[in-house]
Amino acid sequence: MRILVVEDEPKIASFIKRGLEEEGYAVDVAGDGESALDYAESAQYDLLILDIMLPKRDGISVCQELRMRGLKTPILMLTARDTVDDRVEGLDAGADDYLVKPFAFKELLARIRALLRRPREVTPTRLKVGDLILDTATQRAERGGRVIDLTLREYALLELLMRHKGQVLSRTQIAEHVWNFDFYSESNIVDVYIRYLRLKVDADFEPKLIQTVRGVGYKIGEAR
Ligand code: CA
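Going left to right, the sequence shown walks through residues 235 to 458 as my numbering numbers them.
So this is what it looks like as structure tokens:
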């Protein structure tokens with residue numbers, strides 16, 4: 235899952251980025267309202283964390299603009315102010331949730347998980363392909379009853395594939411959701427991580443679940 239953090243205070247921005255990366259999220263940071271709009275246009279984010287007090291353009295107006303452009307990505311607003319009016323203003327601008335600074339990082343993570351789960355019917359916490367099961371709440375994978383140890387990036391890649399079970403994802407689509415811009419240019423990184431994942435998920439098992447679709451990309455599914 236890829237997250238855009240819009241925050242102008244470098245200390246807070248890097249604290250959030252580091253914390254989210256430790257949880258396996260791919261994170262980009264935008265430092266003002268204008269570049270937030272550019273970032274949101276140029277990549278497919280799964281969630282936006284948007285500070286309200288920003289240079290150039292404030293978070294409320296950024297949120298309104300993004301919603302006007304039809305962006306449906308969940309938006310979590312951050313602010314130092316905590317009045318009912320502020321909260322109402324943020325939610326009316328199209329934000330999905332609201333967190334007041336300073337906040338406990340644990341709470342930020344819980345709110346992110348809740349937002350990424352919506353709508354619950356479409357994105358359950360337990361994903362299943364054949365006998366491979368991924369629990370997104372505990373980030374635990376198992377196949378045929380055997381626990382599979384995954385690195386954060388392998389986990390993120392597997393989660394993306396399993397959320398799109400049976401669907402072919404291009405390398406670009408995969409890279410956009412699992413890595414941030416820093417990793418973008420390494421064009422074979424997706425293939426490398428697919429190889430890692432196959433060693434853990436498919437090598438000792440039958441049938442093979444991760445499939446290469448020549449010239450297009452990858453998908454996960456039960457081979458018929
Ligand atoms: Ca700020």
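No residue lacks a Cβ here, since even glycine has one placed at the ideal position from N, Cα and C.
Asked                                                                                                           : Found
CB of D266 within 7 angstroms of CB of D242, strictly                                                           : yes
Enclosing alpha helix (DSSP H) for D272 [first to last residue]                                                 : 267-276
Heavy atoms of ligand 1 versus C-beta positions, residues under 6 angstroms                                     : D242, E243, D285, M287, L288
Distance between beta carbons of M396 and L361, contact taken as under 8 angstroms                              : 4 angstroms
For V261 and I237, the rounded distance between their alpha carbons                                             : 5 angstroms
Runs of alpha helix (DSSP H) lying entirely within the region 272-336, each at least 4 residues, in chain order : 293-302, 318-326
Buried/exposed call for E393, threshold 16 Cβ in 10 Å                                                           : buried
Limits of the unbroken beta strand (DSSP E) element including V240                                              : 236-240
Host beta strand (DSSP E) of Y452 (start-end)                                                                   : 451-454
Minimum C-alpha distance to E268 - residue among L300, D319, I423                                               : L300
DSSP three-state assignment for S421, whether helix, strand or coil                                             : coil
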